[in-house]
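In the numbering used here, the protein residues as written are -7 to 485. Inspection log for the structure reproduced underneath, given as structure tokens.
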Ligand SMILES: Cc1cc2nc3c(=O)[nH]c(=O)nc-3n(C[C@H](O)[C@H](O)[C@H](O)COP(=O)(O)OP(=O)(O)OC[C@H]3O[C@@H](n4cnc5c(N)ncnc54)[C@H](O)[C@@H]3O)c2cc1C
Ligand code: SF4
């Protein structure tokens, strides 16, 4: 524990952000860094609790009090080693994780939680600056070959782990650049692509081979991969978006969120955009869906200069504070106002879209909406809704982005060729902790197995699946697992 009285002396502070008016002018990241003194104070707030609930809040089992202590003492290399023992990519989670660890922080019971995510970002940025983050190519090779399909955080984490123990790893990616949603989903203003590229370069230098523009199931028959490699890890994500099949869906001007976001990410990286330009400059925009993806559409629309932005959510507005249904240390489903919302957007809850209305040329010109009322159960959880009489109305709108989540992975192509079993939600079936499909030597990790989730979960699954692959190939594994995280805790306490 850095400073015994730290949690009483210092309050939670976050680094300064560029003002919404300024940051909307470009796509750059806008969250600053702490001064040395502030970083020291923020790490001093950690109480090194007897039972650190933050560990169990973090899907990676990050050893948080130990790295806070090392940061307080300015032992940067030690802080980096502790953090990287459980997390391959703290530069991603330190920027875009919703930080369930902070929701579980013991200090959070009656004071603002430790700024764990920010401390994590500082540790890794200092580590890069000081040259601690190096390629990791072992001299001893096992001679085993592994194909990883998909280069999102799950595939990258699996590859990073497997290369460490001497296997030959090839990552196949159907997009033109590696990174999955880190590159083509999450906008640059949350995660600049130079941060992704910096990590890919370290991985390449460690020996990971990336084969982009290669779709397994189309460019390469999936069963050939199984024949040619000693093991295969499927990490293709959950890519089928939820649609809104109401009258007028065929009109021009209605897009899935990912069509819009991917295109803008390519533009920012000066990469060619193949489809028609989806731009919202001077347009009235409606984003349907209240989650992270919807919020990214809001931030992107503001940067493109939209005339107006409305965001609709069918569910009721979440509570501002924890209630009986979400006691500490559970992750609270409370009202979240993202940095994109701060930049300008009207949010409405309990709204259902009934129809898209077009002009004579088939272009979207308006939406027909209705307010809905939800019934709730004894814990205040919404159960079913009914329309509010007399609330049907029309609003002008030329662009709609559907951001209602992803239903499941794409089955046609790779999964169909392999004949993998699916679970009830049509994700690839493999138990958590096992990661092995019904097809011999084929494993699965990330959103493709657990359904649409978070980057931190994808990294966690990639790491755990890599361990299972290593055990399958070698009979045992020295790779870290969150189940043996105590090993690190003990060695650093
Ligand atoms: C717009 C948006 C914003 C988000 N924001 C956040 C956030 O702020 N914080 C957070 O924690 N999470 C966020 N998420 C969720 C997070 O990005 C995902 O949970 C995570 O990326 C899943 O990782 P993955 O590796 O399983 O899959 P993905 O990142 O989806 O990567 C899968 C990759 O596999 C490739 N692929 C698929 N099939 C094949 C094939 N047959 N052959 C070759 N390649 C294939 C795909 O092209 C893709 O590159 C966001 C998601 C979206 C859509
Ligand atoms: S990865 Fe996310 S949950 Fe884990 S310590 Fe970092 S911010 Fe917290």
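Glycine is no exception: its CB is placed at the ideal position from the N, C-alpha and C atoms.
When only Cα atoms are considered, residue 108 and residue 45 end up about 13 Å apart.
Closest option to residue 195, judged by alpha-carbon separation, among 231, 150 and 208: 150. In the DSSP assignment, residue 363 falls outside any alpha helix (DSSP H) and lies within the beta strand (DSSP E) extending over 356 to 368. Nearest to residue 31 by alpha-carbon distance, out of 4, 41 and 242, is 4. For residue 453, the uninterrupted alpha helix (DSSP H) run begins and ends at 447 to 466, by DSSP. The segment 395 to 408 and the segment 353 to 372 do not touch, with fewer than three beta-carbon pairs separated by less than 8 Å. Across the set 231, 90, 13 and 79, the C-alpha of 231 shows the shortest separation from the C-alpha of residue 439. Contact between residue 171 and residue 450 is absent: CB atoms are separated by about 12 Å, not below the 8 Å threshold. The DSSP assignment places complete alpha helix (DSSP H) segments of no fewer than 4 residues inside the segment 251 to 323 at 284 to 296, in order along the chain. Of the candidates 413, 376, 349 and 369, 349 places its Cα closest to the Cα of residue 386. Residue 308 and residue 359 do not touch by the CB rule: their CB atoms are close to 20 Å apart, not below 8 Å. With three or more CB-CB distances shorter than 8 Å, the segment 424 to 439 counts as touching the segment 454 to 462. Among the bridge pairs identified by DSSP, residue 33 is matched with none. Fewer than three pairs of CB atoms, one per stretch, sit closer than 8 Å, so the segment 258 to 272 makes no contact with the segment 413 to 432.
With contacts defined by Cβ atoms closer than 8 Å, residue 25 and residue 114 form a contacting pair.
Nearest neighbour of residue 122 by Cα position, chosen from 100, 82 and 69, turns out to be 69. Taking residue 356 as reference, the option from 43, 239, 223 and -3 with the minimal CA-CA separation is 239. By alpha-carbon distance to residue 301, the top candidate from 463, 288, 292 and 278 is 278. Residue 11 counts as exposed, since fewer than 16 other beta carbons sit within 10 angstroms of its beta carbon.
Non-local C-beta neighbours of residue 132 in its own chain, meaning closer than 8 Å and more than five positions away in sequence, comprise 158, ordered along the chain. By a beta-carbon distance limit of 8 Å, residue 228 contacts residue 141. Their separation comes to about 6 Å.
Using a Cβ distance threshold of 8 Å, residue 161 and residue 138 count as a contacting pair.
Within a 10 Å sphere around the beta-carbon of residue 335 sit 16 or more other beta-carbons, which makes this residue buried. Taking all protein chains in view, the Cβ of residue 410 is crowded by 16 or more other Cβ atoms within 10 Å, so the residue is classified as buried.
Less than 8 Å separates the beta-carbon of residue 86 from that of residue 112. Within the same chain, and ignoring the five residues on either side of residue 92 in sequence, the residues whose Cβ sits closer than 6 Å to its Cβ are 49 and 323. Linking residue 270 to residue 289 through their CA atoms gives a straight-line distance of about 12 Å. Shown here, residue 340 sits in a strand according to DSSP, grouped into three states. Cβ-Cβ distances below 7 Å link residue 22 to 9, 10, 15 and 181 in the same chain, with the five nearest sequence neighbours on each side left out; the list follows chain order.
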